[in-house]
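Each remark here refers to the structure printed beneath this line.
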Amino acid sequence: MRDMEIWLKDAGATRKLGEELAGILSPGDILILNGELGAGKTTLTQGLAQGLGVITPVTSPTFTLIQEYRGRYPLYHIDLYRLEDPEAMLDLGLEEYFGGEGITVVEWGGRLDPYLPPAFLEIKLEYAPEGRRAIIKARGPAYERVLEELKKIVGPGG
6 MRDMEIWLKD
16 AGATRKLGEE
26 LAGILSPGDI
36 LILNGELGAG
46 KTTLTQGLAQ
56 GLGVITPVTS
66 PTFTLIQEYR
76 GRYPLYHIDL
86 YRLEDPEAML
96 DLGLEEYFGG
106 EGITVVEWGG
116 RLDPYLPPAF
126 LEIKLEYAPE
136 GRRAIIKARG
146 PAYERVLEEL
156 KKIVGPGG
């Protein structure tokens with residue numbers, strides 16, 4: 006597993022990270038987002054959607070659980086904040102979105118352990134003194150490639 010850290014000075018930088026990822030990720034890729042409330046998970050997803058050419062406003066699917074958006078690739082935006090039982094999450098058929106024709110983003114994805122697929126890109130957003138810190142971990146060779154591409158764009162330390 007490889008990882009990197011990026012400092013994000015504001016919401017605009019968080020959105021920009023999402024936009025950059027849109028140029029690197031491919032259909033079937035999975036992005037797991039973790040972090041406290043207000044850390045920027047939905048903001049990052051909005052940037053990803055913008056980078057994919059989604060024109061529909063992207064909001065957190067906290068109450069609907071899953072939102073699908075159409076862009077260059079489908080974007081499946083899942084929010085597990087309100088679900089605490091991993092077994093109940095499986096009953097929703099979330100695994101159908103993993104490795105599908107679009108890019109799947111799961112906010113609060115850590116709640117799916119140990120049911121997560123073996124390979125995905127994980128981003129943990131943390132509050133920092135001047136903005137946010139994104140800790141990005143590649144789980145699996147395909148995501149190590151994504152991480153290397155991202156490093157070329159933003160630099161090794163962001």
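Numbering-wise, the sequence shown is residues 6 to 163 according to our numbering. In this text, a Cβ means the ideal position worked out from N, Cα and C, and glycines have one as well.
Once you ignore the five residues that flank Gln72 on each side, which residues in its own chain have a CB closer than 7 Å to its CB?
Closer than 7 Å at the Cβ level, and outside the excluded window around Gln72, lie Pro66 and His82.
Out of Glu100, Gly107, Gly105 and Ile60, which has the shortest C-alpha to C-alpha gap to Trp119?
It is worth fixing the name first, because residue 119 is Pro in this sequence and not Trp. The option with the nearest alpha carbon to Pro119 is Glu100.
Please report the residue range of the alpha helix (DSSP H) in which Gly17 lies.
Ala16 to Ala27
If I measure Cβ to Cβ from Gly115 and keep anything under 6 Å in the same chain, skipping five residues before and after, which residues do I get?
Asn39
Under 8 Å by Cβ, that's how I've got Glu154 and Ile29 pegged, so tell me the actual separation to the nearest angstrom.
5 Å
Locate the beta strand (DSSP E) running through Arg87, then write down its first and last residues.
No beta strand (DSSP E) holds Arg87; DSSP gives it neither H nor E.
Strictly by DSSP, which residues pair up with Gln72?
His82
Could you tell me which uninterrupted alpha helix (DSSP H) segments, each at least 4 residues in length, are contained entirely in the stretch 25-62, listed from first to last along the chain?
46-56
Nearest-angstrom Cα separation, counted from Arg77 out to Val111:
19 Å
Take Ala16 and list the residues in its own chain whose beta-carbon comes closer than 8 Å to its own, dropping the five residues that flank it on each side.
Gly45 and Thr48
With burial defined as no fewer than 16 other Cβ atoms inside 10 Å of the residue's Cβ, what is the status of Leu26: buried or exposed?
buried
Residue from Thr64, Asp90, Pro123 and Val59 whose Cα sits closest to the Cα of Pro79
Val59
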